[in-house]
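**Q** Residue numbers (full-length UniProt numbering), protein chains in the order written: chain A, 1 to 237; chain B, 1 to 237; chain C, 1 to 237; chain D, 1 to 237; chain E, 1 to 237; chain F, 1 to 237.
Every residue, glycine too, gets a C-beta built ideally from N, C-alpha and C.
Note that the structure is predicted; figures quoted are calculated from it, not measured.
The following block contains the structure, expressed as structure tokens.
6 protein chains.
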Amino acid sequence: MRPSGRKLDQLRAVSIETNVSLHAEGSCLIRMGNTHVICTATIEDKTPPFLKNTGLGWVTAEYGMLPRATTSRTRREAAAGKQGGRTQEIQRLIGRSLRAGIDRSALGERQIVVDCDVIQADGGTRCASITGGWVALRLAVNKLLKAGLLTSDPIMDNVAAVSCGIYAGQPVLDLDYPEDSAAGTDGNFVLTGSQRLIEVQMSAEGATFSREQMAQLLDLAERGIADLVAIQNSAIA
Amino acid sequence: MRPSGRKLDQLRAVSIETNVSLHAEGSCLIRMGNTHVICTATIEDKTPPFLKNTGLGWVTAEYGMLPRATTSRTRREAAAGKQGGRTQEIQRLIGRSLRAGIDRSALGERQIVVDCDVIQADGGTRCASITGGWVALRLAVNKLLKAGLLTSDPIMDNVAAVSCGIYAGQPVLDLDYPEDSAAGTDGNFVLTGSQRLIEVQMSAEGATFSREQMAQLLDLAERGIADLVAIQNSAIA
Amino acid sequence: MRPSGRKLDQLRAVSIETNVSLHAEGSCLIRMGNTHVICTATIEDKTPPFLKNTGLGWVTAEYGMLPRATTSRTRREAAAGKQGGRTQEIQRLIGRSLRAGIDRSALGERQIVVDCDVIQADGGTRCASITGGWVALRLAVNKLLKAGLLTSDPIMDNVAAVSCGIYAGQPVLDLDYPEDSAAGTDGNFVLTGSQRLIEVQMSAEGATFSREQMAQLLDLAERGIADLVAIQNSAIA
Amino acid sequence: MRPSGRKLDQLRAVSIETNVSLHAEGSCLIRMGNTHVICTATIEDKTPPFLKNTGLGWVTAEYGMLPRATTSRTRREAAAGKQGGRTQEIQRLIGRSLRAGIDRSALGERQIVVDCDVIQADGGTRCASITGGWVALRLAVNKLLKAGLLTSDPIMDNVAAVSCGIYAGQPVLDLDYPEDSAAGTDGNFVLTGSQRLIEVQMSAEGATFSREQMAQLLDLAERGIADLVAIQNSAIA
Amino acid sequence: MRPSGRKLDQLRAVSIETNVSLHAEGSCLIRMGNTHVICTATIEDKTPPFLKNTGLGWVTAEYGMLPRATTSRTRREAAAGKQGGRTQEIQRLIGRSLRAGIDRSALGERQIVVDCDVIQADGGTRCASITGGWVALRLAVNKLLKAGLLTSDPIMDNVAAVSCGIYAGQPVLDLDYPEDSAAGTDGNFVLTGSQRLIEVQMSAEGATFSREQMAQLLDLAERGIADLVAIQNSAIA
Amino acid sequence: MRPSGRKLDQLRAVSIETNVSLHAEGSCLIRMGNTHVICTATIEDKTPPFLKNTGLGWVTAEYGMLPRATTSRTRREAAAGKQGGRTQEIQRLIGRSLRAGIDRSALGERQIVVDCDVIQADGGTRCASITGGWVALRLAVNKLLKAGLLTSDPIMDNVAAVSCGIYAGQPVLDLDYPEDSAAGTDGNFVLTGSQRLIEVQMSAEGATFSREQMAQLLDLAERGIADLVAIQNSAIA
């Protein structure tokens with residue numbers, strides 16, 4: 001049924017390779033099928049101005065794609081002179097999602113910047129970025145803990161994300177690009193390790209949807225997130 | 001309980017004044033409490049390049065805020081030299097939402113640009129923009145129909161939007177700014193007149209949420225949308 | 001003779017509605033015929049760097065137009081990524097004009113930003129912006145006086161503006177858009193309440209002009225300004 | 001009385017050296033005292049899109065200053081990434097002024113771009129640019145006439161400009177930088193060879209002004225323009 | 001002597017992994033020690049406008065670095081809104097170098113865009129980009145040949161690059177970052193497979209140099225290039 | 001043989017006119033044949049942030065061209081909204097070259113900005129900018145020495161530059177534009193007064209080159225630099 005032959009509730013092959021960067025405080029390469037994202041976490045000793053003297057830290061994210069990560073070449077945003085609306089929307093989502101899993105008071109007045117750069121794209125790059133970004137963040141925080149720079153762990157829970165959609169009339173988990181282009185309804189779900197909801201973004205791309213379909217997609221998402229959290233944990237261990 | 005004294009499931013006072021623009025093909029001023037948005041629809045005889053010779057039309061949206069629509073003055077985006085990430089995210093949402101209610105084949109190869117400019121902001125500007133933007137769009141399409149330029153009505157249903165959130169532990173409808181700033185969870189819901197879902201965007205702003213809470217917010221949204229659709233229809237009539 | 005049927009020395013219907021903004025320290029909506037401009041004044045406790053420690057204040061202005069304020073849609077400057085030359089020229093003119101009516105030493109080291117946003121355009125938007133901008137400024141300064149933050153009134157006189165031009169060979173007052181497009185010579189006149197000159201900008205748009213014509217336009221302007229000042233004063237009272 | 005020792009109605013030493021550019025179709029270096037501007041005119045075989053198939057030509061201008069043309073170094077606009085408001089205002093003025101002296105129908109569908117680059121500034125750069133720009137334009141048009149590409153001369157009259165102002169309470173002609181910085185009122189006057197008015201721009205810089213003062217400045221301007229036109233003509237001869 | 005313990009004329013460990021991209025017509029990941037660059041080649045059926053109807057093709061390059069490719073995080077150029085001077089200089093160099101090895105007439109009217117994205121940096125990124133970029137280009141051209149879209153091979157010879165410099169008074173081959181930061185003189189050498197020179201860029205970074213030193217660096221470069229060309233050829237085979 | 005009739009090792013007529021700017025601390029107009037560049041040096045009392053409290057000074061350069069310095073008009077970079085890659089490459093080269101001749105510790109914590117603006121171009125503008133830029137720098141430093149603001153002379157040696165290339169199969173000195181466009185190989189050489197090398201930039205523009213040709217070009221460059229240094233010294237004397 002699915003172009004890839006996967007079952008409706010089956011993730012693509014997922015792997016997370018940690019410490020892929022010589023320089024970053026935390027890093028990983030996440031592969032969800034043919035979608036590959038390098039995630040790095042950088043610790044900075046200062047926060048954005050609006051947090052000055054609040055005792056609170058910040059986690060933010062930036063997102064990019066190599067020009068030929070895509071089927072046909074996409075114009076380089078640095079050459080275009082600005083980040084497009086899609087890029088900004090995605091990096092805001094990654095940042096919000098990761099912040100939802102962190103105790104900013106325990107982090108103290110520092111900022112962690114998570115960079116998610118898509119090396120190869122085949123659908124689901126924002127979800128892979130969140131799932132991989134959390135691993136990079138976890139590793140960077142571990143470094144702070146190990147160095148005694150933090151007295152308690154600011155990370156409250158895992159954060160992972162997966163897309164689901166209505167493809168050929170059926171709810172399916174973890175859309176790849178051919179499914180994503182054809183799906184009538186499309187959703188991204190960000191959950192914690194304990195299955196609490198952080199972000200739900202569902203969108204009618206050609207076909208409106210019902211509450212019942214929404215529930216079906218959420219069922220799939222909960223199942224996928226459980227697997228992704230296990231993969232995160234074994235990558236870190 | 002609510003700063004405004006409203007009931008949990010009570011919309012703010014909503015009014016839609018139509019034909020507020022001398023020049024636009026369709027226009028209205030929507031007021032949701034102290035949130036006021038001017039919406040205009042402009043008909044253009046050409047579509048974006050990717051639709052050339054497809055027979056399909058396009059609906060797109062742009063969003064802006066007057067600098068002093070907000071409590072303290074916001075920097076003018078034209079002076080800053082770019083539209084911020086929030087602006088781009090909102091205008092992409094408005095465009096997607098309005099397109100979901102239109103038969104692009106019946107529209108033919110033309111584009112309708114819906115401009116939503118916030119004159120005064122008190123929370124919920126993106127929802128007001130969608131609800132008012134649909135009215136402007138409806139009026140512009142009526143003009144095309146009246147002029148005999150369309151043979152069938154491309155508008156399939158009303159499109160309206162409302163925000164809901166968990167405020168002080170309670171699910172509430174149509175957040176104003178004081179509620180929005182304090183809400184732990186925040187959602188925007190775009191529905192059709194027949195209560196089909198177009199967009200669901202829920203976000204944990206400080207507190208993660210459960211599926212049950214999600215259902216409660218959606219209940220509220222369905223109720224609010226029904227009211228908004230009635231207001232749209234009486235404004236147009 | 002005139003497209004609108006007005007007499008040569010007749011202003012359009014002018015109204016100034018004050019306090020149209022919930023948030024701004026001073027605000028009004030000025031209507032000169034079909035030209036409608038929202039003017040807001042924002043008080044800031046800091047001045048531009050070049051005034052630091054001089055004891056002098058500053059008044060500056062920004063100008064914008066909603067995309068569909070015009071007959072056909074004008075590209076949004078925020079989307080274009082910059083303010084055009086016309087916009088910059090106009091906002092510099094508004095700022096200079098308003099500063100000419102203020103004692104910057106009595107204002108003290110604060111800045112007042114006057115935003116003029118054209119909701120609907122039918123010629124004469126820069127003049128309406130100056131006339132309405134002064135009202136917003138006056139109201140904001142009143143607020144400072146009332147709060148005891150100023151010991152003397154920094155406003156020395158009213159400031160108002162009107163356009164005049166040679167239309168169909170005749171000098172006419174307060175050009176609307178059809179007249180403005182066809183006028184051979186065009187002028188903008190900014191005067192004080194006591195009829196002192198602040199700015200005179202006359203321009204040959206297709207036909208050069210004589211000193212005698214210049215004097216005729218100035219006669220008309222003085223007349224129009226007297227009326228506008230009376231309208232300003234009654235709006236504020 | 002004047003810092004330079006000049007009489008109230010005395011121009012600075014003016015010289016116009018023609019054909020200073022190896023490449024441009026018309027060019028000159030104009031010196032008004034210590035203000036030096038290189039003006040070049042470039043003939044292009046196409047017009048701006050809005051003139052396509054109208055049979056009308058166009059004259060436009062661009063203005064720039066070398067970074068160290070000024071007393072202290074001014075940031076290079078190319079490095080800043082945009083032309084400032086002052087630059088745009090000036091180049092729009094130059095373009096409008098030169099167009100007022102040309103029969104665009106006789107010019108035919110071509111564009112002449114006049115570049116005015118200030119090599120050294122000591123007040124009055126926009127006026128020098130107009131006066132010198134006209135000479136470059138005249139020389140370029142002569143080349144078209146000589147080559148038989150034009151059947152009649154599109155230049156209807158000389159165009160020249162001069163500044164006047166109220167300095168130390170006195171009306172003075174052709175302000176240099178020390179006078180310009182101190183002047184209460186400042187005006188730029190663009191006239192034709194036959195003393196018709198093209199542009200009048202008067203501005204209260206600290207002190208409002210009367211109609212009588214305005215007339216005095218205009219008297220001075222007429223006198224100065226007569227001299228400048230004679231200098232233009234002898235430079236071209 | 002060298003921080004890495006390498007001999008003066010010893011390259012870092014070099015590897016070239018080909019076909020690392022699912023989508024690109026040619027691609028490789030080149031590793032020169034800790035400097036890792038992804039190179040992709042994209043074939044486009046159109047050339048830049050200046051080559052229209054000349055029968056000639058074009059090869060161009062773009063260069064970027066992931067923000068955390070460097071020891072401390074470098075600001076993302078897409079976020080900064082422009083490519084820096086260093087980036088532009090490097091991508092112009094890559095493009096010129098690759099074009100020197102290609103017969104643009106045999107390529108025909110098509111363009112090949114080579115993207116070089118630095119995943120991890122430890123000195124010598126521009127040289128690695130040229131060496132790896134040539135491999136990507138070679139693979140893309142092979143695809144054109146195989147498809148019968150080219151009748152003769154437009155690639156005339158290998159192109160490879162290496163840096164050399166005077167480090168601690170000694171000429172050394174293939175500088176890594178610690179050497180590069182401390183080198184008094186620094187050079188980049190681009191050669192063909194048959195040891196013809198394409199680009200020589202030598203620069204005094206703190207210490208001027210002699211012709212004799214220049215010759216010593218060139219000797220080293222010729223040696224390094226021979227090795228790199230062998231590695232290119234075995235990667236492609 | 002050469003279009004200009006010059007001998008293979010003959011410079012164009014070179015002149016350096018000093019103190020051409022009323023305002024700059026050092027300035028000259030350098031003419032190398034029809035290539036004319038105005039160079040000014042501006043002394044600033046602050047350095048770039050990365051040098052704060054190091055006791056070291058900085059020399060930097062900016063480069064520009066008047067739009068009609070070239071055969072056909074080049075778009076003004078200020079209007080285009082950015083400096084092109086070529087401009088940035090050239091100004092980085094000028095800055096590096098001039099810094100190589102200065103003892104930044106003797107200069108102390110100040111910055112000298114050298115602006116090189118091409119008034120007319122006929123090949124070799126970057127070399128003329130370096131040679132003339134050094135004269136402007138020398139004059140500005142002389143002013144500091146005379147004023148007792150420096151205790152020792154930070155200028156260690158002259159810095160001059162010249163281009164050489166293979167034209168019609170022959171090595172030639174100081175390429176003018178017709179030669180530059182046709183040359184197969186092109187080089188820019190920056191040397192000190194004592195003939196030490198600062199920068200060597202050789203580039204195959206259509207034809208690769210041999211080490212022997214490289215040596216021939218360097219021979220020519222040494223000869224040309226000796227002449228340029230003599231001209232610099234007599235201009236300053």
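Do you know how far the Cα of E/A121 is from the Cα of residue 243 of chain F?
**A** No answer is possible for residue 243 of chain F: it lies beyond the span of chain F, which begins at 1 and ends at 237.
**Q** Thinking C/Y63 and C/I112 are a contact (beta carbons under 8 Å), I'd like their distance in whole angstroms, please.
**A** With a Cβ gap of about 15 Å, C/Y63 and C/I112 do not count as contacting.
**Q** Can you tell me which of the three DSSP states D/E25 falls into?
**A** Three-state result, D/E25: coil.
**Q** If you measure between the beta carbons of E/L98 and E/G57, is that distance less than 8 Å?
**A** No; because the gap between Cβ atoms is not below 8 Å, this pair is not in contact.
**Q** Measure from the alpha carbon of E/N34 to the alpha carbon of each residue in E/D103, E/V14 and E/I166, then state which is nearest.
**A** Comparing Cα-Cα distances from E/N34 to each of E/D103, E/V14 and E/I166, the minimum goes to E/V14.
**Q** Using a Cβ cut-off of 7 Å, pull out every chain E residue sitting near F/S203, in sequence order please.
**A** Result: R96 and E199.
**Q** What residues from the UniProt domain "Exoribonuclease phosphorolytic" (10-140) of chain E come within 7 Å of chain F, judged by C-beta to C-beta, listed N to C?
**A** Listed by position along the chain: K82, G85, Q88, E89, R92, R96 and A100.
**Q** Distance, Cα to Cα, B/N53 vs E/E25?
**A** Going from the Cα of B/N53 to the Cα of E/E25 covers about 30 Å.
**Q** Looking at the secondary structure, which residues open and close the alpha helix (DSSP H) in which F/S181 lies?
**A** Here the alpha helix (DSSP H) through F/S181 covers Y177 to A182.
**Q** What does C/L218 touch in chain D if you count any residue whose Cβ is under 9 Å from its own?
**A** Residues of chain D passing the Cβ test: R211 and M214.
**Q** Does any residue of chain C bring its CB to less than 8 Å from the CB of D/M208?
**A** It is Thr, not Met, that sits at residue 208 of chain D in the sequence shown. Answer yes: the Cβ-Cβ gap between D/T208 and chain C drops below 8 Å somewhere.
**Q** Compare the C-beta of B/R196 against all C-beta atoms of chain A and say whether one is closer than 8 Å.
**A** It does: the Cβ of B/R196 has a partner Cβ on chain A nearer than 8 Å.
**Q** Label C/P75 either buried or exposed according to how many other C-beta atoms from any shown protein chain fall within 10 Å of its C-beta, with 16 as the threshold for buried.
**A** According to the sequence provided, residue 75 of chain C is Arg. The question's Pro does not apply to it. Per the 10 Å Cβ criterion, exposed.
**Q** Rank E/D180, E/I90, E/E212 and E/E222 by C-alpha distance to the C-alpha of F/L218 and give the top, closest one.
**A** Nearest C-alpha to F/L218: E/E212.
**Q** With 16 as the cutoff for other CB atoms within 10 Å, does A/T47 come out buried or exposed?
**A** When all chains shown are included, A/T47 counts as buried.
**Q** Suppose the cutoff is 7 Å on Cβ atoms and the five residues either side in sequence are ignored; what does the same chain contact list for A/S210 look like?
**A** Closer than 7 Å at Cβ, skipping near neighbours: no residue.
**Q** What are the start and end residues of the alpha helix (DSSP H) that includes D/A128?
**A** Run containing D/A128: T125 to K146, per the alpha helix (DSSP H) assignment.
**Q** Is it buried or exposed, B/G193, if we count other Cβ atoms within 10 angstroms and call 16 or more buried?
**A** Under this definition B/G193 is a buried residue.
**Q** Which residue comes first and which comes last in the alpha helix (DSSP H) that contains F/L220?
**A** Looking at the DSSP string, the run of the alpha helix (DSSP H) that includes F/L220 is R211 to I236.
**Q** Are the beta-carbon atoms of E/T185 and E/A215 separated by less than 8 Å?
**A** No. Outside cutoff.
**Q** Could you tell me which chain F residues have their CB closer than 8 Å to the CB of E/T192, listed as they occur along the chain?
**A** Per Cβ cutoff of 8 Å: T208.
**Q** For residue 242 of chain F, does the three-state DSSP call read helix, strand or coil?
**A** In the structure as shown, chain F begins at 1 and stops at 237. Residue 242 of chain F is therefore absent and cannot be evaluated.
**Q** Which same chain residues end up closer than 6 Å to A/A221 when comparing Cβ atoms and leaving out the 5 residues on each side of it in sequence?
**A** Around A/A221: V162, C164 and F189.
**Q** Ends of the beta strand (DSSP E) at B/L85?
**A** This sequence places Gly at residue 85 of chain B; Leu is not what is there. Unbroken run through B/G85 is the alpha helix (DSSP H), G85 to R99; no beta strand (DSSP E).
**Q** Tell me the rounded alpha-carbon separation between residue 310 of chain A and A/V135.
**A** Chain A is shown from 1 up to 237; residue 310 of chain A falls before or after that span and cannot be answered.
**Q** According to the neighbour-count rule (16 or more other Cβ atoms, all chains shown, within 10 Å of its Cβ), is D/L149 buried or exposed?
**A** By the neighbour-count rule (16 or more Cβ atoms within 10 Å), D/L149 is not buried but exposed.
**Q** Are B/E179 and B/R2 touching if we call contact CB-CB under 8 Å?
**A** For B/E179 and B/R2, yes; Cβs fall inside 8 Å.
**Q** Is the beta carbon of F/V37 sitting closer than 8 Å to the one on F/A140?
**A** No. Outside cutoff.
**Q** Rounded to the nearest angstrom, how far is the Cβ of D/I225 from that of D/Q195, given a contact under 8 Å?
**A** So it is a contact: roughly 7 Å between Cβ atoms.
**Q** In angstroms with no decimal places, state the Cα-to-Cα distance between C/T125 and C/K7.
**A** Answer to the nearest angstrom: the Cα atoms are 21 Å apart.
**Q** Among the residues of its own chain, which have a CB less than 8 Å from the CB of C/A168, if the five just before and after it don't count?
**A** Cβ neighbours of C/A168 beyond the five flanking positions: M1 and A182.
**Q** The alpha helix (DSSP H) spanning F/L107 covers which residue range?
**A** R104 to L107 is the extent of the alpha helix (DSSP H) around F/L107.
**Q** Could you check the C-alpha separation between E/I231 and E/A237 for me, to the nearest Å?
**A** The straight-line gap from Cα to Cα measures roughly 10 Å.
**Q** How big is the Cα-Cα spacing for E/T40 and C/S27?
**A** The alpha-carbon atoms of E/T40 and C/S27 are separated by roughly 57 Å.
**Q** Using a 10 Å radius around the Cβ and a threshold of 16 neighbouring Cβ atoms, would you call D/T42 buried or exposed?
**A** It is buried - the Cβ of D/T42 has at least 16 other Cβ atoms within 10 Å.
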